[in-house]
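Here the sequence shown stands for residues 2 to 232, numbered as in my numbering.
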Amino acid sequence: MFIALSLSFAIHEFMHAAVATWLGDDVAKLQGRVTLNPLAHIDPMGTLSLLIVGFGWGKPVPYNPNNLTRFKSKRLMCNMVHLAGVTGNFMLALVCAILSGFIARFFLTSSVDLYDIMSGQMDLSGVNPVVFALYSVLSYTEMFCLGLIGFNLIPLPPLDGFHVLEEFLPYKVKYSDKYRKFMFYAPRVVMVLIFISAVTSSFDILGGLVSILSFPASLVCNIFYFLVVYI
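Structure representation (structure tokens):
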């Protein structure tokens, strides 16, 4: 599970840093964030949240929008940076789904049906321990990546989904008193929702949002997994 957590966070924050650097900003590079070393990206509270409720966050990657120079559109480049993390998580989740599909097809001792594939409830009895460990790492990595995708796409600050929408807000709105108050209170609302998700499942608004926002990525991964197992 630790390996899966490390990979999920590392690819997310690395992609933010790498894309910002590619677009011309060197802030993340100077801070040593253009690396796949998990220790450079893991946020203790975000990691704990991911373990407890299934979604979390890494240490934010700093960047200066004024340094982005590769393209003419500043909005385009900023959104490329904002969406780089979830894009990296999706690519990693897809690779994990395909590789775990190969394991399910060639190393499982019992038949696999569609329910097993969609639910992830596989019979691994009699499988080599190394194969079992690899399958577990791939499955957890895919699950954590999907959790990061769904959580980070929620349109509330300080999450990536909000920053994408923020690029389209009028200048007058972004510099209003109400907007400043929203930016102050919204992260606290997110923390309250995370706490609620951790203590109860009957009022898990955040978990529902994460499931909805990660569903397209999850569906694609399941389709590829199914195709690898049966074709």
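Built from N, CA and C at the ideal position, the CB exists for glycine as well.
{"Query": "So is Met2 buried or exposed if we call it buried at 16+ other beta carbons inside 10 Å?", "Result": "exposed"}
{"Query": "Can you look up Tyr116 in the DSSP assignment and give me helix, strand or coil?", "Result": "The predicted model places Tyr116 with a pLDDT of 47, which falls under 50 and marks its position as unreliable, so this point remains unresolved."}
{"Query": "Is DSSP giving Gly151 helix, strand or coil here?", "Result": "helix"}
{"Query": "If you pair each beta-carbon of the region 191-202 with each one of the region 223-231, do three or more pairs fall below 8 Å?", "Result": "no"}
{"Query": "Taking just the CA atoms, how far does Pro63 sit from Ala29?", "Result": "6 Å"}
{"Query": "If I follow the unbroken alpha helix (DSSP H) through Glu168, where does it start and stop?", "Result": "Glu168 -> no alpha helix (DSSP H), and no H or E assigned at all."}
{"Query": "If I measure Cβ to Cβ from Ser7 and keep anything under 8 Å in the same chain, skipping five residues before and after, which residues do I get?", "Result": "Pro39 and Ile43"}
{"Query": "Skipping 5 residues on each side, what residues in its chain have a beta carbon closer than 7 Å to that of Ser112?", "Result": "Here Ser112 scores only 48 on pLDDT, less than 50, and its place in the model should not be relied on; the value that follows carries that caveat. Closer than 7 Å at Cβ, skipping near neighbours: no residue."}
{"Query": "Take Phe145 as the anchor and find which of Val230, Val191 and Gly89 has the nearest alpha-carbon.", "Result": "Gly89"}
{"Query": "Look at the alpha carbon of Leu84 and the alpha carbon of Arg181, and state the distance between them as a whole number of angstroms.", "Result": "23 Å"}
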